[in-house]
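Notes for the one structure printed next.
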Amino acid sequence: MRFITKIWHPNVSSQTGAICLDTLGNAWSPVLTLKSALISLQSLLSSPEPKDPQDAEVASMLLTRPEEFQHVAREWAQKYAGAPVPAPGSGKTGGGGSGGDDEASLQNKKKLEDKERKRAEDRRRREAYHGYNPAMIDRFTSMGFQVEQVVSAFEYIGIDKADGEEYELEEEYIGDVTARLFGEM
Numbered sequence: 001m002r003f004i005t006k007i008w009h010p011n012v013s014s015q016t017g018a019i020c021l022d023t024l025g026n027a028w029s030p031v032l033t034l035k036s037a038l039i040s041l042q043s044l045l046s047s048p049e050p051k052d053p054q055d056a057e058v059a060s061m062l063l064t065r066p067e068e069f070q071h072v073a074r075e076w077a078q079k080y081a082g083a084p085v086p087a088p089g090s091g092k093t094g095g096g097g098s099g100g101d102d103e104a105s106l107q108n109k110k111k112l113e114d115k116e117r118k119r120a121e122d123r124r125r126r127e128a129y130h131g132y133n134p135a136m137i138d139r140f141t142s143m144g145f146q147v148e149q150v151v152s153a154f155e156y157i158g159i160d161k162a163d164g165e166e167y168e169l170e171e172e173y174i175g176d177v178t179a180r181l182f183g184e185m
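For the sequence shown, position 87 matches number 87 in UniProt numbering, and the numbering has no gaps at all.
What follows is the structure, encoded as structure tokens:
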């Protein structure tokens, strides 16, 4: 198993796309399903293991220069995988006019409206997680599921909210949530 699309990750070769994952190589057995292979792959992608690298250069960068690693990973995602490129954050239109004070007050009003809209979006986003830690839910949304679907699966399975604190889900729960998301239960 390998990636065709280039990816900047310590456990994936930046040259060949080969994946360093025992369950896909030496530790593979006939009892492993495609689902378990995909769950293992998703787990590896979301939690890199730089101490067991497929690409030493990438692993070294992640360990010694994490900001640069994130920058390069984002660039590669945009260049090779079509990830969205953020719009420049200047917010300046470049237009001129004679009403300097009016323009300034309009810009201030727009900034306040933008800030309020962002607060409302953040509030809606937090509410969508129903008290679960967003990082736990986002592990599944990164596989293409909607937040509402994942929250519903967590609630159906009875995953503890732990007051919004992040914790490691047991393998069995991960399997149950995934099965629920794929409509198998």
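Quick reminder that beta carbons are idealized off the backbone N, C-alpha and C, glycines included.
Would the region 152-159 and the region 169-180 be scored as touching if the rule is three or more Cβ pairs under 8 Å?
-> yes
State the start and end residues of the unbroken alpha helix (DSSP H) segment that holds leucine 45.
-> 34-46
State the DSSP-derived secondary structure class of isoleucine 174, mapped to helix, strand or coil.
-> When secondary structure is reduced to three states using DSSP, isoleucine 174 falls in the helix class.
DSSP bridge partner residues for histidine 9 (one or two, in chain order) = Val12
Please state if the CB of glutamate 166 and the CB of alanine 135 are separated by a distance shorter than 8 Å.
-> yes
Status (buried if at least 16 other CB within 10 Å, exposed otherwise) for aspartate 176 = The residue in question, aspartate 176, is buried, as its Cβ has 16 or more Cβ neighbours within 10 Å.
DSSP state of isoleucine 137 mapped onto helix, strand, coil = It is helical.
Alanine 83, DSSP secondary structure in three states | coil
With 16 as the cutoff for other CB atoms within 10 Å, does alanine 83 come out buried or exposed?
-> exposed
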